[in-house]
Amino acid sequence: MTGPLVGAIGGYHPTDERPAMTDAVVKDSNGTPLKDGDSVTLIKDLKVKGTSETIKRGTLVKNIRLNGNPGEIECNTKQVKGLVLKTEFLKKA
2 MTGPLVGAIG GYHPTDERPA MTDAVVKDSN GTPLKDGDSV TLIKDLKVKG TSETIKRGTL
62 VKNIRLNGNP GEIECNTKQV KGLVLKTEFL KKA
């Protein structure tokens, strides 16, 4: 074998394109569509995995980010940063 194997590792090739994001609509527990930057309210107390924190029902979460999964959003709260929440526990504020 002569020459470098650039781009051959793991089947990746530099000209491969990223998969297109689906245009799935992300909805809260009431069926209201959510978008980037919306504010949502928790409808249930949620324990945060890996910590002893519990986020209480009624907590307002501002500036959510959609992550491409129609059942989840990314956000930050005052207690926990870098949080991923399931949309079934949220309602649009």
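Residues 2 to 94 (this note's numbering) are what the sequence shown spells out, left to right.
Ideal Cβ positions, reconstructed from N, Cα and C, are used throughout, including at glycine.
Return the bridge partner residues of PRO34 from the DSSP annotation. LYS28
So, at 8 angstroms on beta carbons, what are the nonlocal neighbours of ILE65 in its own chain, with the 5 sequence-adjacent residues on each side left out? LEU35, ASP37, GLY38, ASP39, SER40, VAL41, ILE74, GLU75 and CYS76
Answer with buried or exposed for ASP46, where buried requires no fewer than 16 other C-beta atoms within 10 angstroms of its C-beta. exposed
Quick check: the Cα distance between PRO71 and VAL27, rounded to an integer number of angstroms? 5 angstroms
Own chain partners of GLN80 with C-beta closer than 7 angstroms, once the 5 adjacent residues on each side are dropped: GLU54 and ILE56
In three-state terms, what does DSSP make of GLU54? coil
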